[in-house]
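With our numbering, you'll find the sequence shown wraps up at 217, consecutive numbering, no jumps.
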Amino acid sequence: MKVDKLTAGFFTGLWAAIAQAWVGVLPPSAFGICFISHPSDLFNWTVNKIFGTSFYVHEPSLDIPLLTVLGVLIGASLATIQHKEFKFRMPRNPLDHYINGFMVAVFGLMLGYCSVHIIMGLTYGSIIALTGFAGMMLGVTLAVLYIKWSVRR
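Pasting the structure below:
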């Protein structure tokens, strides 16, 4: 069964709103989809439950961790399977991917935001978000220049 993008987006948003109301997050927080704090919360929540530690977990994840990253991975995998595009590919230089991913995670955790949170912070006039956005744009520019350089050599 094929589902068009508009229908998938509508039902995903509807499910997110229902889940947020069910968990009882009132008023709804501007927590968005985050690939920095959500995995961190999931990891910290799991370690806290298993080992009785008290690592920091954001308020929306205190009772039940947000599984948005798992949802995105599962949803993207199902979409590629549905369109017969699913395949594993090894990058030409795996070390570059690991280093770049590590840097994104470390800098995101240092800032305390992911790119979605930075944009939300900009709408509230946050100086930290403005600084983070400038750093993110600088990082993206440097990464693009590095990728272009590595392709040309």
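Even for Gly, the Cβ is constructed at its ideal location relative to N, Cα and C.
{"Query": "The region 123-141 in contact with the region 100-108 per 3-pair CB rule at 8 Å", "Result": "yes"}
{"Query": "Residue 106 and residue 129 closer than 8 Å at C-beta", "Result": "yes"}
{"Query": "Whole-angstrom distance between residue 71 and residue 165, CA atom to CA atom", "Result": "32 Å"}
{"Query": "Rounded Cβ spacing between residue 209 and residue 197 (contact assumed at less than 8 Å)", "Result": "About 19 Å separates the two Cβ atoms, so there is no contact after all."}
{"Query": "Residue 65 versus residue 213 - alpha carbon distance", "Result": "43 Å"}
{"Query": "For residue 68 and residue 74, the rounded distance between their alpha carbons", "Result": "10 Å"}
{"Query": "Cα-Cα separation between residue 82 and residue 147, rounded to whole angstroms", "Result": "28 Å"}
{"Query": "Beta-carbon spacing of residue 97, residue 180 below 8 Å", "Result": "yes"}
{"Query": "Residue 125 burial status per 10 Å Cβ neighbour count (16 or more: buried)", "Result": "buried"}
{"Query": "Any alpha helix (DSSP H) of 4 or more consecutive residues that is wholly inside the region 71-124", "Result": "101-115"}
{"Query": "Where the alpha helix (DSSP H) through residue 212 begins and ends", "Result": "191-216"}
{"Query": "Neighbourhood of residue 155 by C-beta distance below 8 Å, restricted to the same chain and skipping five residues each side", "Result": "161"}
{"Query": "Beta-carbon gap between residue 193 and residue 182 smaller than 8 Å", "Result": "yes"}
{"Query": "Close-in-space but distant-in-sequence residues of the same chain around residue 109 (CB under 7 Å, 5 per side omitted)", "Result": "121, 125 and 129"}
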